[in-house]
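Below you'll find the structure, written out as structure tokens, and then a few comments.
Numbering (my numbering), first residue to last: 10 to 258.
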């Protein structure tokens, strides 16, 4: 799925400012001011409009002059899923060789929830396997608090109940794990809106106007999916286009 981002980079890469951490975002009388930190120090960027796609927990940490109502919706409007994944480079494709599994998922009522098998590279010597994909906060919250080595060890213990000789092919040193709540520019997996919150905070955040507009999967009905983020971006662009046309009429 990262090929979508790479395609944008290929087309407009010369306009992307990399390694820039936004510190402040303010609406001004003439548009918007963005203050960010890069390797050369603090910088300021001004524009007529800004479309902010930060996840809400990240946006909540940025200095803005948005209204108190909007800030409240950003801070407390919805919960985020504390998703966790654990993956391994297996030394053999044992799921194919022994269990005749070619792609797909094994479901389990253990904490790891799922094991994903690769749907490509059939019959190659090695392969990457997703040993855990957790998106339920009662499980994800304690897993997120673990050290990476602890998560990997627990996944191997859980996975061994599905594949009894799991440890012969899966080594901790060849594992990697991510808890999205710990990722500094995500601070969670995706938004989980209740119906009540959609009637309040969701509506408030989608009605932001002025020179700053908000967008992202969290401001769609397809949360957790790139499609939702794209729909939300189109909505923000349409609002800005409508506003520009109105001022030129």
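Every residue, glycine too, gets a C-beta built ideally from N, C-alpha and C.
The structure presented is a predicted model; accordingly, all values stated were derived computationally and were not measured.
Extent of the continuous alpha helix (DSSP H) to which residue i belongs
i, result
"residue 243", "235 to 257"
"residue 214", "212 to 215"
"residue 153", "146 to 154"
"residue 71", "Residue 71 -> no alpha helix (DSSP H), and no H or E assigned at all."
"residue 193", "That residue, residue 193, is in no alpha helix (DSSP H); it is neither H nor E in DSSP."
"residue 173", "Residue 173 -> no alpha helix (DSSP H), and no H or E assigned at all."
"residue 26", "Neither: residue 26 is in no alpha helix (DSSP H) and is coded neither H nor E."
"residue 181", "No alpha helix (DSSP H) contains residue 181, which DSSP labels as neither H nor E."
"residue 77", "77 to 85"
Assumed close pair residue i, residue j - CB separation to whole angstroms, cut-off 8 angstroms
i, j, result
"residue 93", "residue 136", "Actually they are not in contact, since the Cβ atoms of residue 93 and residue 136 sit about 21 angstroms apart, beyond 8 angstroms."
"residue 121", "residue 164", "6 angstroms"
"residue 138", "residue 96", "7 angstroms"
"residue 200", "residue 65", "7 angstroms"
"residue 232", "residue 202", "7 angstroms"
"residue 161", "residue 186", "6 angstroms"
"residue 214", "residue 82", "5 angstroms"
"residue 229", "residue 237", "3 angstroms"
"residue 146", "residue 91", "5 angstroms"
"residue 168", "residue 124", "6 angstroms"
"residue 196", "residue 67", "6 angstroms"
Neighbour flag for residue i against chain D, beta carbons, 8 angstroms
i, result
"residue 176", "Here there is only one protein chain, and chain D is not present."
Collapsed DSSP secondary structure at residue i in the structure displayed
i, result
"residue 48", "coil"
"residue 56", "strand"
"residue 164", "helix"
"residue 19", "helix"
"residue 200", "strand"
Residue i: first and last residue of the uninterrupted beta strand (DSSP E) it sits in
i, result
"residue 33", "30 to 37"
"residue 188", "184 to 188"
"residue 221", "221 to 223"
Counted within 10 angstroms of its Cβ, other Cβ atoms place residue i as buried (16 or more) or exposed
i, result
"residue 26", "exposed"
"residue 12", "exposed"
"residue 243", "exposed"
"residue 31", "buried"
"residue 217", "buried"
"residue 104", "buried"
"residue 17", "exposed"
"residue 224", "buried"
"residue 34", "buried"
"residue 174", "exposed"
"residue 128", "exposed"
"residue 36", "buried"
"residue 28", "exposed"
"residue 102", "buried"
"residue 258", "exposed"
"residue 194", "exposed"
"residue 50", "exposed"
"residue 226", "buried"
"residue 131", "exposed"
"residue 172", "buried"
"residue 152", "buried"
Residue i beta carbon near the ligand GTP (any heavy atom closer than 7 angstroms)
i, result
"residue 204", "Questions concerning the ligand GTP fall outside what the structure shown contains, since it holds no ligand whatsoever."
Enumerate, from N- to C-terminal direction, the unbroken beta strand (DSSP E) stretches of 3 or more residues contained entirely within the region 99 to 142.
-> 113 to 116, 123 to 126
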